[in-house]
Amino acid sequence: MLIKGTDILSQGQRSYTGIGKDVVSLTHVPSKIFIYSAASLEVKVEPGLTTFFQGKDLQHLGKTVTLRFLKPTSNKATLLPRRVAESIPFSSSKLPEILTYFGVKPKSVVAEIMKRTIEEFSKLGKYVQVYATEAENENKQDYSIEITGVQSIGDRSIVCHKENYVYGVFYCHKFYGTTTRAYMLPLVGADGVTKAKAVAICHTDTTSWNPKHLAFQVLKIKPGNTIPVCHFLPTTGFLWASM
């Protein structure tokens, strides 16, 4: 499978205010300088929606979350057709050819970003599976997590979020190691009929996050490594993981 995205040199993470309602939030950088973002005064969240939840909720039988699955209304740009994508090389060994194809100068910043992006995707190997949040309708309602169906995707993945552009462009960043894990959650609506599948991402160490981050205000906790902070992946994003 092939997906092209923009790697912002892996300098931060993003947070989301529910499925389909995303807010850009650079929560930490390598030097651990806190960035003021995603605070309550900056983010407009629809009342009643589940924005963040604790990791223990994944084992809580009958845990209910309130969600609205939104489809894009303005940013409807799609990925390149398969025949077009497959005609463009996407490997480190073909980097010079790729740069020539897109008219990018070899020593430029853009070339370096493209190089890093290809390298990060290569780390997943040849056998990759894609996960995405899917729902039957957009209505706001309560959903119960079917605990017995929770699937652990693992701790090695690449997550992509859609950006505003004339064609499908995605911001992608990696999750490798023991501080972040991804799950696929089967959901059943309060009406007993509506079903959905949602990708949940849990961060087990938030020590270096901005103390004013919305997640801490919602969950009424402080940065640390004892309470995993989880959120859902918006319907416009997807996650790639090794099979």
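Take 1 as the starting number for the sequence shown in UniProt numbering and just add one per residue.
All residues carry an ideal CB built from backbone N, CA and C; glycine is no exception.
Counting of Cβ neighbours within 10 angstroms places phenylalanine 232 among the buried residues, the total reaching 16 or more.
Taking the CA atoms as reference points, valine 150 sits about 6 Å from methionine 184. The beta carbon of lysine 115 is closer than 8 Å to those of Ser92 and Leu95 in its chain, skipping five residues each way along the sequence. Note that the C-beta distance between aspartate 142 and threonine 66 is below 9 Å. Looking at the DSSP output, tryptophan 209 shares a beta bridge with no other residue. Taking glycine 192 as reference, the option from Val104, Ile145, Asp205 and Lys56 with the minimal CA-CA separation is Ile145.
For methionine 184, the pairing in a beta bridge is given by DSSP as Gln151 and Val199. Closest in alpha carbon position to lysine 162, among His173, Lys56 and Lys195, is His173. Secondary structure at isoleucine 113: helix, using DSSP grouped into helix, strand and coil. With a contact defined as Cβ atoms closer than 8 Å, cysteine 230 and glycine 55 qualify at about 6 Å. For the set Phe238, Ala111, Val109 and Ile88, the Cα lying nearest the Cα of alanine 200 is the one of Phe238. Residue environment for alanine 135: buried (at least 16 other C-beta atoms within 10 angstroms of its C-beta). Secondary structure at tyrosine 171: strand, using DSSP grouped into helix, strand and coil.
Sequence-distant Cβ neighbours of asparagine 225 in its own chain, meaning closer than 7 Å and more than five residues away, are Thr204, Asp205 and Thr207. According to the DSSP assignment, alanine 241 belongs to no alpha helix (DSSP H) but to the beta strand (DSSP E) extending over 238-242. Residues of the same chain with a CB within less than 7 Å of the CB of alanine 111, apart from the 5 flanking positions on each side, are Leu99, Val104 and Lys105 in chain order. Counting along the chain, tyrosine 101 sits inside the alpha helix (DSSP H) bounded by residues 95-102.
Distance from the CA of isoleucine 221 to the CA of tryptophan 209, rounded to the nearest whole angstrom, comes to 12 Å.
Burial is judged here by how many other beta carbons sit within 10 angstroms of a residue's own beta carbon; serine 152 has fewer than 16 and is exposed. Taking 9 Å as the cut-off, the Cβ atoms of histidine 213 and proline 223 count as close. Per DSSP, the beta-bridge partners of alanine 135 are Ala196.
Of the candidates Tyr171, Lys140 and Thr179, Thr179 places its Cα closest to the Cα of glycine 154.
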